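Mapped onto the numbering used here, the consecutive letters of the sequence shown carry residue numbers 204 to 349. Structure record follows, encoded as structure tokens.
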Amino acid sequence: MKKIFTLSVATLAFAACNNSTPQQADNAAHEPTATEEAPMVGDDRDEHGCIGSAGYTWSALRGECIQTFEVGTRLNPVDVEEEEAVISAFIVSKEDDNSQVELFITGEEQNPVLKQETDGTFKNGKYTYNAQTKELSIDGKVMYKN
């Protein structure tokens, strides 16, 4: 009788140690292992070393990583529908050089550099920026302004 009692207690003890439910087993299967690498916050440098998650982007005109919202002139779209997201464009100039500006605008693969014309405006293809009125025209129509 003593052997049966000892055997029963041992069986219950082993069963109690294995108390994981199927749900716990499923969750454990989806947890990252030590060999998997999760991306670190701020570890998203581009080919120039700019950290996009911190708001930095490469400026070809300045030759450095910049935060356009800190150093540029914000230009908001002229026509915005109610409850539509406002996506601004930015004009960045090079310190000590007013002959060119760089345009940061959605939809362009590279940020166009606009050169100053004799009339004081800056142009590059379809883009014209008037620094006095702080207006950006696309194909002759004012689309953004400060």
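The C-beta atom is built at its ideal place from N, Cα and C for all residues, glycine as well. Quantities reported herein were computed from a predicted structural model and do not represent experimental measurements.
Roughly how many whole angstroms lie between the Cα atoms of residue i and residue j?
i, j, result
"Tyr309", "Glu298", "The sequence given here places Thr at residue 309; Tyr does not occur at that position. Straight-line Cα distance between these residues: approximately 24 Å."
"Pro265", "Ser296", "Just to set this straight, residue 265 is Arg in the shown sequence, not Pro. If you take the alpha carbons of Arg265 and Ser296, they lie about 8 Å apart."
"Gln313", "Glu250", "13 Å"
"Asn301", "Thr276", "14 Å"
"Leu278", "Ile290", "9 Å"
"Gln319", "Tyr332", "9 Å"
"Gly328", "Val345", "15 Å"
"Thr383", "Asn349", "Outside the shown range of the chain (204 to 349) lies residue 383, about which nothing can therefore be said."
"Val274", "Leu306", "12 Å"
"Met246", "Gln270", "Correcting the residue identity first, residue 246 is Asp in this sequence and not Met. Answer to the nearest angstrom: the Cα atoms are 17 Å apart."
"Val316", "Glu285", "32 Å"
Ignore the nearest five residues each way along the sequence and tell me which others in residue i's own chain have a CB closer than 7 Å to its CB.
i, result
"Cys253", "Tyr259, Thr260, Trp261, Cys268"
Compare the C-alpha of residue i against each of the options and name the closest.
i, options, result
"Phe272", "Glu286, Val283, Glu338, Ala257", "Ala257"
"Val304", "Lys344, Ala263, Glu287", "Ala263"
Compare the beta carbon distance of residue i and residue j with 7 Å and say whether it is the shorter of the two.
i, j, result
"Tyr347", "Ala292", "yes"
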